[in-house]
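Participant: Before I ask anything, let me first share the structure, which is written out below as C-alpha cells.
2 protein chains.
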Amino acid sequence: MLAEILDEALARVRPSEEEERHMKAVAREVIEKVDAEARKSGLDVYAIHVGSTARGTWLRGKKDIDIFLMFPADTPRERLEEDGLRLAKAISPMHEERYAEHPYVTASYKGLDVDLVPCYRVKDAAHIQSAVDRSPFHNEYVMRHIDGLHDQVRLLKQFTRGAGVYGSELRTQGFSGYLCELLVIKYGSFMGVVQHGANFRPGTIIDIEGLVNGIEHKEPLVVIDPVDPGRNVAAALSEQKLCEFIDACRRFIASPSLDHFFPPPYVPIKKGELEGLLASRGTLLIAVTFKTPDVVEDTLYPQLRKAEASIVRLLERHEFKVYRSGVWSNGRSAVVLEMLVWRLPAIERHMGPPLQEREHSERFREKYPEAYVMGCRYAVDLPRRYENAADLIRDGLKSCGLGKHVAASIAGGFDILLNVDALELGPEFAAYLAQFLHAPRR
Amino acid sequence: MLAEILDEALARVRPSEEEERHMKAVAREVIEKVDAEARKSGLDVYAIHVGSTARGTWLRGKKDIDIFLMFPADTPRERLEEDGLRLAKAISPMHEERYAEHPYVTASYKGLDVDLVPCYRVKDAAHIQSAVDRSPFHNEYVMRHIDGLHDQVRLLKQFTRGAGVYGSELRTQGFSGYLCELLVIKYGSFMGVVQHGANFRPGTIIDIEGLVNGIEHKEPLVVIDPVDPGRNVAAALSEQKLCEFIDACRRFIASPSLDHFFPPPYVPIKKGELEGLLASRGTLLIAVTFKTPDVVEDTLYPQLRKAEASIVRLLERHEFKVYRSGVWSNGRSAVVLEMLVWRLPAIERHMGPPLQEREHSERFREKYPEAYVMGCRYAVDLPRRYENAADLIRDGLKSCGLGKHVAASIAGGFDILLNVDALELGPEFAAYLAQFLHAPRR
C-alpha cells in the first residue's frame, strides 16, 4: 500500500530518461561554451553545473538550470561582474540580465532557461564573499553524500509542495530544496524524514556533521549547514510552516495517500456557495484591496504581512474582533479578514490618566466633567468614533504602519470589498478564499 | 464662599444642643444602671461610653449609642458572655440579643438604641482578646487628641457620605468613623484632610505617631492604628473607594459646594428614559436576579461580588464583552451587566493542544479531521455553543463560582431580565440603574 503510493508518486515526479539526457546535454554544452569563451579571453574562469539539476534531485518538468562561472577569489568585484556578464551573454542571443545579490544572466538555450551566475571560488564556505559563493559547496556536499537517495529527495520535495510548505522564498517561508536534500541525507529516506518530521517541534535542532556546540539560532527549526556551521539552512522556515509540515507528516503516517503529494486544487468558490458559507458562519468577510506594487515577491510579501498585522492591530485596538486574516496577491493585492465582531454600540469608554498623575487627570476631568473613577483612573463614556470596522479601515488605513511600496500603492487608492463583493477580484482570489475559509476542496 | 459652605454643612449635621444633652444623659443613666447592677451581683465590672457619641463626633439624628461593659482580663469567656448579657438585659425590658464576634445586647432606652457590649479590659491594645477590646483604646486615643476638632470630623464624615465612600462595612468598603477622626487629627481640619486627600494615591501610608518602620500592609491606603501599630485602620477601604474619595477631594477643591455634602439623590429612571438611554448607547442591559439570601450584608455583599466576577469571567471566556457590571440588593438581589457585545457569529474557534504534545494533538485531529494548524496548535471551527450572552448565563450560571448562600438562592431559581424589563425589580432598582448607567441625577 505505502510502497505503491510512493512508487506512483515517484513515477509522476521523476524526470523521464529523455528529460534527464537533455538536461545533462544542455549543461555540458553550456559549460563547454563558457570555458571556450573564457580561454579565448584569457580569463582564469571555468563553469560548473550546480543546483538540483546537477545533483539529480529535480522534479519532472523543471525548465531551468544553474551554471556558475567560477572566478579567482582575488578578482575585483567590477571585473567579476563585467567579465561574468560578457561570458554569460555569449551563450545565447536570447538572454536577459538580472540582479540578485549581484548581476547574473538568464539565457534561453534549447528550451531551457539557463541561469549563469558569476561567483568566486574560495577555499571553503567560511570565506565566501557573497551568498552565491556558497552554492558550489552545497553542490559538492550533496553530491558526495546523496548516495543513491535522489528519488527520496524528489518524494520529499513533492510532499512538501503538496503540503504547501515547499519554497524558502518569503512568500512561502517554507522548505528549500537544499533543506530537503539534507533531511533525506540525515534520515536516510523519504519515510525516515516523515517519521522524524512527525516529531519535530519548534526548537528542533539538526546538526548532521556534529559541528556545533551551543546553538545560538532562534528560528523554529535549526539545521546546521554542513559546509558553513554558522548558518541555519532552515532560517527562512516560519513556525506556521514548520507546524504544517509536522501535521502533514502525521496525517501521512496515519493514512498515506497520493493526495498528500498531489492534493486536489482549491477551486474558485462560487458566489452562491460563498453567500451560503458566510451566512452559515455568521461572520463578515472584508477584503482591503489595492494595486500590487511593482516589486519582487520577496519584497512584496513581507510588506503585505506587515499591512495585515497593522490592520488587525488597528481593528483590535478599537475593540473589533478578527477571526482570521491573510494576504493575497495576483494582479491586485488584498489583505483579507474574516470578522467575528464588526459592529459595536454607539458608546466607547475613553480611559484617562491614573489619578495619581494629578495634573493630567485634573485636565481630563475638566475636559469631561462626567468622567467617573474606574479602578485608579478616570474614565468617560464617549460617542464611539467607529461603530463599524469598514469605516475604521477606510479612515485609518493610511496612517497604519505599512511597508514603503504597499504604502505608496495604498496612497494611490484602495477598495474595501465586503462578503461576495470580494469576488470582483477574480477566480484566482475565489480559489484563495476557498482555502482561506477552509471550504471543502471540491 | 468656602467658609459659608462649611458653616451651612455643619449647621445641618451638628446635633442640636437638645440632642447632645439627651445623648449624654442617656449614656450616664445607662452606665449608672450597669454599674449598680454589677455591684449588686458582686462583679468587678464597670461600664464606659465609647464610639462617636462618646467622642462628640456623631452626625445629627444618630439613634444609637455604644456602652461597653469592662470585665477583668482573666474572666473566663463563658462568664463574660453570661454575666455580660445578664447585666445588659437589666437595662431595659426592650432588648434583643445579637452576635458579632461575641454576643451583645441592643436595648431600647428613652428613644435610643443602646448597644451593650461585654469586653475585656486589657493593659494595652496589643493584648486584646477580641476586636471589641480595641474600642476603648480607640476611644481614649481620640478623646485625648481630638482637641476641639469635633465639628471638623463631622464635616469629613458627611463629605465621605456624600461621596458614597462612608462606611467600612463590606457593602461599602469605605471610610470608618475612626478613620475620619484619625485623618482630622493628622491634618488638623476638614480642609486639611481634603487638601491632603486630593494627593492620596494607592500606596499612601499615614503613621500619625511614627510607630512603624517598614510597612507590610498591601491595602491601597494604610493608616497605622496609633493604639495597635500592627493594624491598618483603612484595611477595609477598597482601591475604588479610595480613588473616588481622591476624586471627591479634588472636585471639592476645584468648585466647593454644598452638593458635595448633600448630593441630590438618584431618582428612579423611568421606562421611557431607560429605553431612550439604552437606544442611544446601543448597549444591552442584563439583570440576573434572584431571591436575596437571608444573611447579614457583610456576608451577602462579598458573595454578590463573587457572583458578579464569575459571570463576567464566564461571558468573557465565551468572547462576549462586558462594558460595566455591578451588584444590587434590596428584597431581591441582582448582578447587573451593561453589554458591549452580546451576540456572536455561529462559529467559534476551538483550540487544540500544542502539536508537540503528539498524543493529545493526534487525538484532537482524529476527532476533528478538519482541524487546521494555527501557530503551534491545532484549531477547528465549530458551531458556537452560545451565540447569545443571555443563553450562556442561563446555562452556565449554576456552575459558576458562587458563594455558598448566593449559590443556594440561585439553585432555587433566577431570572434574566433584559433592558427595560429589569424595571420589574422596582423603584429602588430603577434608582440604582440611574447611577449604574451614569444617567444625570435629575
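Residue numbers (our numbering), protein chains in the order written: chain A, 72 to 513; chain B, 72 to 513. Virtual Cβ for every residue (Gly too), placed ideally from N, Cα, C.
With which residues is A:His421 paired in a DSSP beta bridge?
Facilitator: Here residue 421 of chain A corresponds to residue number 350 of the first sequence, with the count starting at 1. A:His421 is bridged to A:Val451.
Participant: Any chance the region 476 to 494 of chain A sits against the region 349 to 365 of chain A, with 3 or more Cβ pairs inside 8 Å?
Facilitator: In short, these stretches touch, since the Cβ pair count reaches three.
Participant: Looking at B:Asp222 and B:Arg85, is the spacing between their C-beta atoms short of 8 Å?
Facilitator: Sequence index remark: in the second sequence, residue 85 of chain B carries index 14 (1-based). Sequence index remark: in the second sequence, residue 222 of chain B carries index 151 (1-based). Yes. Within cutoff.
Participant: Just to check my reading of the structure: B:Ala234 and B:Phe316 have Cβ atoms closer than 8 Å, yes? What is that Cβ distance to the nearest angstrom?
Facilitator: For the purposes of this step, residue 234 of chain B is identified with residue 163 of the second sequence, where counting begins at 1. For the purposes of this step, residue 316 of chain B is identified with residue 245 of the second sequence, where counting begins at 1. Contact flag correct, Cβ pair sits at about 6 Å.
Participant: How would you call B:Ile276, buried or exposed, if buried means at least 16 neighbouring beta carbons within 10 angstroms?
Facilitator: What you label residue 276 of chain B is simply residue 205 of the second sequence in a count that begins at 1. So B:Ile276 ends up on the exposed side.
Participant: For the region 140 to 160 of chain A against the region 108 to 121 of chain A, are there 3 or more C-beta pairs whose distance is under 8 Å?
Facilitator: Touching, yes.
Participant: Terminal residues of the continuous beta strand (DSSP E) containing B:Ser432?
Facilitator: Locating residue 432 of chain B in the second sequence gives position 361, counting from the first residue. Per DSSP, B:Ser432 belongs to no beta strand (DSSP E); it is in the alpha helix (DSSP H), Arg429 to Lys438.
Participant: Just the C-alpha distance for B:Glu515 and B:Arg126, rounded to the nearest angstrom, thanks.
Facilitator: With chain B running from 72 to 513 in the structure shown, residue 515 of chain B is simply not present.
Participant: Please classify A:Arg513 as buried or exposed, where buried requires at least 16 other C-beta atoms within 10 Å of its C-beta.
Facilitator: Residue 513 of chain A sits at position 442 when you count from the first residue of the first sequence. Because the pLDDT at A:Arg513 is just 48, under 50, the model does not fix this residue reliably, and the value given afterwards should be weighed accordingly. Exposed, because fewer than 16 other Cβ atoms sit within 10 Å of the Cβ of A:Arg513.
Participant: Counting only C-beta atoms, is A:Ile232 closer than 8 Å to chain B at any point?
Facilitator: Here the question's residue 232 of chain A lines up with position 161 in the first sequence. According to the sequence as given, residue 232 of chain A is Arg; it is not Ile. By this cut-off, A:Arg232 is not an interface position.
Participant: Where do the N-terminal and C-terminal ends of the alpha helix (DSSP H) with A:Phe208 fall, by residue?
Facilitator: Against the first sequence, residue 208 of chain A aligns to sequence position 137. Ser206 to His216 is the span of the alpha helix (DSSP H), which, as asked, contains A:Phe208.
Participant: Counting only the same chain and skipping the five closest in sequence on each side, list residues whose C-beta sits under 7 Å from that of B:Leu187.
Facilitator: By one-based count along the second sequence, residue 187 of chain B stands at place 116. Closer than 7 Å at Cβ, skipping near neighbours: Ile138, Leu140, Ala159, Ile162, Tyr175, Val176 and Ala178.
Participant: Pairing CB atoms from the region 467 to 481 of chain A with CB atoms from the region 365 to 378 of chain A, are three or more of them under 8 Å?
Facilitator: In short, these stretches touch, since the Cβ pair count reaches three.
Participant: Under 8 Å: do the region 258 to 270 of chain B and the region 278 to 292 of chain B share three or more Cβ pairs, one atom per stretch?
Facilitator: Judged by Cβ distances under 8 Å, the region 258 to 270 of chain B makes no contact with the region 278 to 292 of chain B, as fewer than three pairs qualify.
Participant: Could you spell out the range, first to last residue, of the beta strand (DSSP E) harbouring B:Phe139?
Facilitator: By one-based count along the second sequence, residue 139 of chain B stands at place 68. It spans Asp135 to Pro143 - the beta strand (DSSP E) in which B:Phe139 sits, taken as one unbroken run.
Participant: Going by CA-CA distance only, name the one from A:Ala98, A:Arg99, A:Trp129 and A:Leu308 that's closest to A:Leu81.
Facilitator: Counted from its first residue, the first sequence places residue 81 of chain A at position 10. It is A:Trp129 whose Cα lies nearest to the Cα of A:Leu81.
Participant: Find the nearest neighbour of B:Leu308 within the set B:Asp486, B:Phe485 and B:Pro291, judged by alpha-carbon distance.
Facilitator: The residue labelled residue 308 of chain B in the question sits at position 237 within the second sequence. Closest by alpha carbon: B:Pro291.
Participant: Kindly indicate which three-state DSSP category A:Tyr191 falls into: helix, strand or coil?
Facilitator: Reading the first sequence from its first residue, position 120 is the one you call residue 191 of chain A. Three-state result, A:Tyr191: strand.
Participant: Let me know the secondary structure DSSP gives A:Ile199 once reduced to three states.
Facilitator: Residue mapping note: residue 199 of chain A aligns to position 128 of the first sequence, counting from 1. A:Ile199 falls in the coil class under three-state DSSP.
Participant: So A:Val393 packs on A:Val383, CB below 8 Å; how close in whole Å?
Facilitator: Reading the first sequence from its first residue, position 322 is the one you call residue 393 of chain A. Reading the first sequence from its first residue, position 312 is the one you call residue 383 of chain A. About 5 Å separates the two Cβ atoms, so the contact holds.
Participant: Spell out the partners DSSP gives B:His166 in its beta bridges.
Facilitator: Against the second sequence, residue 166 of chain B aligns to sequence position 95. DSSP lists B:Ala178 as partners of B:His166.
Participant: Enumerate in chain order the residues of its own chain whose CB-to-CB distance from B:Thr231 is below 6 Å, with the five nearest sequence positions on each side excluded.
Facilitator: Taking the first residue of the second sequence as position 1, residue 231 of chain B is located at position 160. Excluding positions up to five away in sequence, the list reads Tyr237 and Phe246.
Participant: Applying a beta-carbon distance threshold of less than 8 Å, which residues of chain A neighbour B:Glu535?
Facilitator: Lying outside 72 to 513, the shown extent of chain B, residue 535 of chain B is not represented and no answer is given.
Participant: Can you tell me which of B:Asp145, B:Pro189, B:Ile102 and B:Tyr249 puts its alpha carbon nearest to the alpha carbon of B:Arg169?
Facilitator: For the purposes of this step, residue 169 of chain B is identified with residue 98 of the second sequence, where counting begins at 1. For B:Arg169, the nearest C-alpha among the options comes from B:Pro189.
Participant: Quick check on A:Pro147: buried or exposed, where buried means 16 or more other Cβ atoms within 10 Å of its Cβ?
Facilitator: Here residue 147 of chain A corresponds to residue number 76 of the first sequence, with the count starting at 1. It is exposed - the Cβ of A:Pro147 has fewer than 16 other Cβ atoms within 10 Å.
Participant: By Cβ distance, which residues of its chain are closer than 7 Å to B:Glu240, with the 5 residues on each side in sequence left out?
Facilitator: Here residue 240 of chain B refers to the residue found at position 169 when the second sequence is read from its first residue. Hits under 7 Å: Glu368 and Asp369.
Participant: For B:Ala479, which residues from the same chain have a beta carbon less than 8 Å from its beta carbon, with the 5 sequence-adjacent residues on both sides left out?
Facilitator: Within the second sequence, residue 479 of chain B is the residue found at index 408, counting from 1. Result list for B:Ala479: Pro364, in chain order.
Participant: Can you pull out the residues from the region 258 to 273 of chain A whose beta carbon lies closer than 8 Å to at least one beta carbon of chain B?
Facilitator: Those would be Ala269, Asn270, Arg272 and Pro273, in chain order.
Participant: Between B:Ala417 and chain A, is there a C-beta pair that is closer than 8 Å?
Facilitator: Here residue 417 of chain B corresponds to residue number 346 of the second sequence, with the count starting at 1. B:Ala417 counts as touching chain A.
Participant: So which of B:Pro273, B:Gly248 and B:His509 has the shortest CA-CA distance to A:Glu441?
Facilitator: Counting from one through the first sequence, the residue named residue 441 of chain A turns up at place 370. For the residues B:Pro273, B:Gly248 and B:His509, the minimum Cα distance to A:Glu441 belongs to B:His509.
Participant: Any idea which residues DSSP pairs A:Asn401 with across the strands?
Facilitator: Counting from 1 along the first sequence, the entry for residue 401 of chain A is found at position 330. Partner(s): A:Arg403.
Participant: Can you tell me which of the three DSSP states A:Arg513 falls into?
Facilitator: Within the first sequence, the letter at position 442 stands for residue 513 of chain A. Per-residue confidence for A:Arg513 stands at a pLDDT of 48, beneath the threshold of 50, marking its modelled position as unreliable; the derived number appears in the next sentence. A:Arg513 falls in the coil class under three-state DSSP.
Participant: Let's see if you can read the secondary structure: which residues bound the beta strand (DSSP E) around A:Met445?
Facilitator: Mapped onto the first sequence, residue 445 of chain A falls at position 374. Its beta strand (DSSP E) spans residues Tyr443 to Met445.
Participant: Starting from B:Ile76, follow the alpha helix (DSSP H) in both directions and report where the run begins and ends.
Facilitator: Taking the second sequence and counting its residues from 1, one reaches residue 76 of chain B at position 5. Per DSSP, B:Ile76 belongs to the alpha helix (DSSP H) from Leu73 to Val84.
Participant: For B:Glu315, which residues in chain A fall below 7 Å Cβ to Cβ?
Facilitator: As a first step, residue 315 of chain B is located in the second sequence; it is residue number 244 there, counting from the start. By Cβ distance, chain A contributes Val444.
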